[in-house]
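> Handing you a structure now.
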Amino acid sequence: MTSLSRRRFLGASSAAGAVAALTTAAHHAQAPDFPQDPDDAAADPGAGRVTVAGIHRPKSLDPGVATDSETERIVRQIFEPLVGIDHTGSLEPLLAQEWEVSEDELTYTFTLRRGVVFHDESALSAETVVQNFQRWGRLDDLYGAGNLSQSVPLAFPTVFGGFMSDPECVLESVEAQDDRTMVLTLREPVVYLLQALTLPAFGIASGEVLVDRDPGLVSRSPAGTGPYRLVETDTEGDSQVRLRAFDQYWGATEGPGEVIVRPLPRSFDRLRELQRGQADVYDLITADNLRSLVQSGRMILQRDPFSVLYMGFNLDHPVMSDILVREAAARAVNRPQLVERLFLEGSRPAYQFTPAALSVHSETALRYDYDLSEAQELLAESDYDGEPLDFYYPIRTTRSYLPQPEAVFAAIAADLTAAGFTIRPRPIRWDEGYLEQVMGDSSRALHLLGRNGGFRSPHAFLGPLFGQQTREFNFHDADITDLLNEARAESEEEPRAELYREAADLIQEQLPALPLAYPISGLALNSRVTDYPMSPVLNERFKKIRLRQG
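If you use mature numbering (1 follows the signal peptide of the UniProt record, and there is no 0), the sequence shown corresponds to residues -31 to -1, 1 to 519, in order.
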C-alpha cells in the first residue's frame, strides 16, 4: 500500500507559488483599544470580506517595537514605510515617490508623494516623517532601556548601529528640507539601507499620535497611511482583529473591503476553520495537516525559505559557558532527521545562520554534523556532571521557523539525552511572554527560537543575533561586530560577502547558538480566494488578495 507523502504535495500544489515575538516594550505600549466603528452595522459580510486564520493577536501596534511576525502582519496593513517591495522582491516607491543617494552613499534625499493622508485625516509631510525617525531613535528613552533589553533587538538600532544617543549610531541627522523633501545623513555608509527601510518597523505614523509623554498612544490609536485602518478588536472570545479599507487611501483600491484576522495558535484549529468555511486563508501549514488539505483539494502556496530556526545557548550559565558542552550539544542533534520528520518539503538542515539564497556561506566555517559517539566523548571531557539543564521552548503557537514546537523540542531533547545530557523541559506559552522569560531567566541553559529575514541582506540575520550583546545568548565578540560593521559600509558585493563569511567562521567557532533548519512555510486558501501576495520576507499586503468574482 502506497502512503501519501505529507511533505511532497506542498511544492506540487503551489500554483501561485512563490515568489518573529512581541517585545517587553510592547506590553508597555499597551494593547490596542479601538472604539466601535459607527458604520459597523453596514459592513457587508459577503464577498468583500476575507478572514485570515493567523496565530496570535498583537499586543502592540507601535511599528517601532514590532519584531514579531504576527504583529508585523497587522502593522503592514495600517502603516507604510517610505520604500516598498514589488512582487519580484525589488524596491518600489511607497510613501517616497522617488529618492536620490549621494555618490559617497552618506546622504539620502526622499521626495514624498502628494495628497497622502493619514487615517486621522492629517496630511503626510516631511516633518512628520522626521518626527517618526527621531522617535525611533529614542525608543530606549521612551520605553526604558531596561525594558527593551528583554526583547530581541529592534529594527532601528540593528540597522543604524544603535539608538541616536549611542556613539555607535551611524545616523547623523534627519531633516525636512521642505514640506515634501526629507534628508537622511549618515556618518558611515549603510549599503542595505533602502532594503531595510521596507521593514514594517519603519512604517510612518501620524504626528498626532507621536506624543512623548504617552508613547503607547501610537498603539492604542494607530493612524497610518495604509490601505486598511483598524476598526476594532474583540475583547472576548478569540480576540479577532478587524481591518477595513481606508476610503481616502492614495493608491489603488483593489482588494477586500474588510479583513478579519483570527488568532488561532493551534494548527489544527486553523485547519478546522478553513475546512468549515469560517476562514479563507490558513497560514503556517504544518506537515501533520497537509494530507487533509491535499485530499480536500485546497490551493496550497509556499514561501521561499528565508528564515532560520536555532537552538540558543546561555553563555552565562555555568555549564553552557563550556565550549566542550556546546560542541557536544551541536554534535548530538540529528538535523537531517529532524527536518525530514517535522518540516515541510523544501526545508533544509541549517549549518550556518544565513539562508543559501544570500550566497555568503563560508566553506571554512566549522560544521557540526551529527555524531553521537563524538558528542558523548566531548561531554565526557567536559566538567558537566549530569545536572538538569533548563530547556525553554514555546507551546500553543506556530512560527514560520518553528511549525511544531512541542514536537521539535521532543526530538532535540531525545537526541541530547542520548548523548548524556539531562534535560529539564520548560514549556511556556508564546502569548504568556515566552520571549521575555527566555531573555530574563538566568537559570536558562538552552532555548528554541528563530529569525525571519526582513530584507534581503545577511545583516538581517547576523546583525540582530550577533552584532551586539543581548540577553538571549549573553555573548558578544568585538571581532564579529567589527566585521559586520565593515560589511555594512562595503559597497562592493564580493568583498562584503567575504566579510560576512569571516563573521560566520567566528560564530561557528564560538558557538553561541546552533542553527537547525531553513524552514519552508506555506498557507492554504479556500475556493473564494484566487490569489494571495506570498513573500519570503513576509511583506504580504492584504490589498493584493484577490477574490473569485460572482
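The C-beta atom is built at its ideal place from N, Cα and C for all residues, glycine as well.
Compare the beta carbon distance of Leu307 and Pro488 with 8 Å and say whether it is the shorter of the two.
No, the pair does not count as a contact, with Cβ atoms beyond the cut-off.
> If I follow the unbroken beta strand (DSSP E) through His416, where does it start and stop?
Arg413 to Asn421 is the extent of the beta strand (DSSP E) around His416.
> For the structure I just gave you, are there three or more beta carbon pairs, one from the stretch 354 to 369 and one from the stretch 450 to 464, closer than 8 Å?
Touching, no, given that fewer than three Cβ pairs across the two stretches are closer than 8 Å.
> Let me check understanding here. Comparing Cα to Cα, which of Arg497, Leu418 and Leu516 lies closest to Ser120?
Among Arg497, Leu418 and Leu516, the Cα nearest to that of Ser120 belongs to Leu418.
> Taking Val407 as the reference, which of Phe282, Val294 and Leu335 has the closest Cα?
Nearest of Phe282, Val294 and Leu335 to Val407, Cα basis: Phe282.
> Looking only at its chain, what residues have a beta carbon closer than 6 Å to the beta carbon of Tyr403, apart from the 5 residues adjacent to it on each side?
These residues qualify, in order along the chain: Pro363 and Ile397.
> Exposed or buried, what is Arg272 when buried is set at 16 or more other beta-carbons lying within 10 Å of its beta-carbon?
Counting Cβ neighbours within 10 Å, Arg272 comes out buried, since at least 16 surround it.
> Quick one: Cα of Ala(-6) to Cα of Ala35, how far?
Confidence in Ala(-6) is poor, its pLDDT being 37 and thus under 50, which makes the residue's placement unreliable; the coordinate value appears in the next sentence. Roughly 8 Å between the two C-alpha positions.
> Between Arg470 and Val329, is the Cβ-Cβ spacing less than 8 Å?
Closer than 8 Å, so yes.
> Short of 8 Å in beta carbon distance, which residues of its chain neighbour Arg300, apart from the five on each side in sequence? Order them along the chain.
Hits under 8 Å: Tyr337, Asp338, Tyr339, Asp340, Leu341, Glu343, Ala344, Leu347 and Ala388.
> Only counting runs of 4 or more residues, tell me where the alpha helix (DSSP H) segments fall wholly within the stretch 141 to 173, in order along the chain.
Listed in chain order, the complete alpha helix (DSSP H) runs (minimum 4 residues) inside the stretch 141 to 173 are 162 to 165.
> What would DSSP say about Gly176, mapped onto helix, strand or coil?
Helix at Gly176.
> Out of curiosity, what's the CA-to-CA distance linking Asp451 and Gln437?
In a straight line, the C-alpha of Asp451 is about 10 Å away from that of Gln437.
> Extract the residue ranges of the beta strand (DSSP E) inside the stretch 369 to 411, only unbroken runs of 3 or more that lie entirely within it.
Entirely contained in the stretch 369 to 411, the beta strand (DSSP E) runs reaching 3 residues are, in chain order, 392 to 398.
> With a cut-off of 8 Å on the beta carbons, I'd call Ile381 and Met280 a contact; round off their distance for me.
Contact flag correct, Cβ pair sits at about 7 Å.
> Using the Cβ count rule (16 or more neighbours within 10 Å means buried), how would you classify Val44?
Classification of Val44: buried, given that the 10 Å Cβ count is 16 or more.
> May I have the straight-line CA-CA distance separating Trp68 from Gln164, to the nearest angstrom?
If you take the alpha carbons of Trp68 and Gln164, they lie about 13 Å apart.
> On the criterion of 16 or more Cβ atoms from any shown chain inside 10 Å, does Gln46 qualify as buried, or is it exposed?
Buried, since its Cβ has 16 or more Cβ neighbours within 10 Å.
> Given a threshold of 16 other Cβ atoms within 10 Å of its Cβ, counted over all protein chains shown, does Gly246 qualify as buried or as exposed?
Gly246 comes out exposed.
> Taking contact to mean at least 3 C-beta pairs separated by less than 8 Å, is the stretch 493 to 508 in contact with the stretch 290 to 297?
The stretch 493 to 508 vs the stretch 290 to 297: no contact.
> Taking buried to mean at least 16 other C-beta atoms within 10 Å of its own C-beta, is Gln477 buried or exposed?
So Gln477 ends up on the buried side.
> Check the DSSP bridge columns for Gly281 and list the partner residues they point to.
Gly281 pairs with His416 and Ala482.
> How would you label Ser134, buried or exposed, when you count the other beta carbons within 10 angstroms and need 16 or more for buried?
With fewer than 16 other Cβ atoms within 10 Å, it is exposed.
> For Leu123, which option in Thr439, Pro62 and Ala379 has the closest C-alpha, if you only look at C-alpha atoms?
Of the listed residues, the one whose Cα sits closest to Leu123 is Thr439.
> With C-beta atoms as the reference, is Pro196 less than 8 Å away from Gly226?
In this structure, Gly226 does not lie closer than 8 Å to Pro196 by Cβ.
> Please name the residue in Leu284, Val250, Arg310 and Phe430 whose C-alpha comes closest to that of Met268.
Met268 has its Cα closest to that of Val250, out of Leu284, Val250, Arg310 and Phe430.
> Determine the closest residue to Ala414 out of Ser142, Asp109 and Met289, with distance taken between C-alpha atoms.
The candidate whose alpha carbon is nearest that of Ala414 is Met289.
> Our contact map puts Glu74 next to Pro158 with C-beta atoms below 8 Å; I'd like the distance itself, whole angstroms only.
Rounded, the Cβ-Cβ distance is 4 Å, consistent with contact.
> If you drop the 5 nearest sequence neighbours on each side, which residues of the same chain put their C-beta closer than 7 Å to that of Ser142?
Here the set comprises Thr154.
> Just grab the DSSP bridge partners of Asp252 for me.
Note: Asp252 sits in a beta bridge opposite Leu492.
> Which ranges would you report for the alpha helix (DSSP H) in the stretch 321 to 357 if only whole runs of at least 4 residues count?
Listed in chain order, they are 341 to 350.
> Assign Phe79 to one of three DSSP states: helix, strand, or coil.
Correct three-state label for Phe79: strand.
> What's the gap between the Cα of Phe129 and the Cα of Leu140?
C-alpha separation (whole angstroms): 6 Å.
> What does a CB cutoff of less than 7 Å around Glu332 pick up in its chain, not counting 5 residues either side in sequence?
None.
> To the nearest angstrom, report how far apart Arg365 and Leu385 are at their CA atoms.
Each residue's Cα considered, the two are about 23 Å apart.
> Could you check where the alpha helix (DSSP H) with Glu309 kicks off and where it finishes?
Glu309 -> alpha helix (DSSP H) spans Arg304 to Leu311.
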